[in-house]
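Under the numbering used here, the first residue of the sequence shown is numbered 136, with each subsequent residue one higher. A short worksheet on the structure shown next.
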Amino acid sequence: MKLIIVLLIMVTCTLSVSSCIHQEGPHFDKLRFIYLYGSSADGKTTERSDIDLALHYNITDKRELYNLLYVISGSFPDKYDIHMFQLLPLYIRIEVFKGKLLYTNDKGFVYDIAWETIKEYNDFEPRCKYILYGKLGLEGATL
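So, in structure tokens, the structure goes:
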């Protein structure tokens with residue numbers, strides 16, 4: 136659980152990730168990256184803003200990811216909105232990469248995941264626009 140405490144300190148006090156991360160906590164050896172995203176990454180927070188964190192673990196079993204998410208989320212105050220990157224919808228995964236990378240053990244892996252996410256989004260975007268603009272007639276809709 137020290138990893139959770141370290142993340143809280145790191146996000147709220149903007150300490151260096153490399154000096155804060157301890158190799159303790161649930162499945163730390165499988166943690167690939169942590170992103171801060173949303174309004175807290177953009178510096179546009181308000182009193183009501185939460186702190187969005189996306190964690191990517193080298194775990195493919197969704198049940199295991201949900202269980203891990205439950206354990207980790209329960210260790211944070213309500214102000215923190217913790218997500219497993221792999222469980223996020225595509226339109227949010229693309230937003231994650233607009234945020235700040237807080238931790239990774241392999242930048243190449245992060246670039247690969249970002250590239251795959253962008254490709255998937257680019258494949259999906261024309262279909263989404265067709266549905267919004269063509270079928271539904273939502274002229275002012277934006278993605």
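For each residue, glycine too, the CB sits at the ideal point set by N, CA and C.
Simplified DSSP state of T252, which is helix, strand or coil: helix
Sequence-distant residues of its chain with Cβ nearer than 8 Å to L203 (five each side left out): P161, H162, Y192, I194, M219
Cα-Cα separation between E199 and Y215, rounded to whole angstroms: 21 Å
K285 - containing alpha helix (DSSP H), residue span: Outside the displayed span of the chain (136 to 278) sits residue 285, for which this structure offers no information.
I207 beta carbon less than 9 Å from that of I217: yes
Three-state class that DSSP yields for F211 in the structure shown: coil
Cβ shell of Q221 (< 7 Å), same chain only, five flanking positions each side left out: H191, L200
Nearest residue (CA-CA) to I186, options D164, P261, Y170: Y170
Which residues DSSP lists as bridging K179, in chain order: DSSP, once it has assigned bridges, lists no residue as partnering K179.
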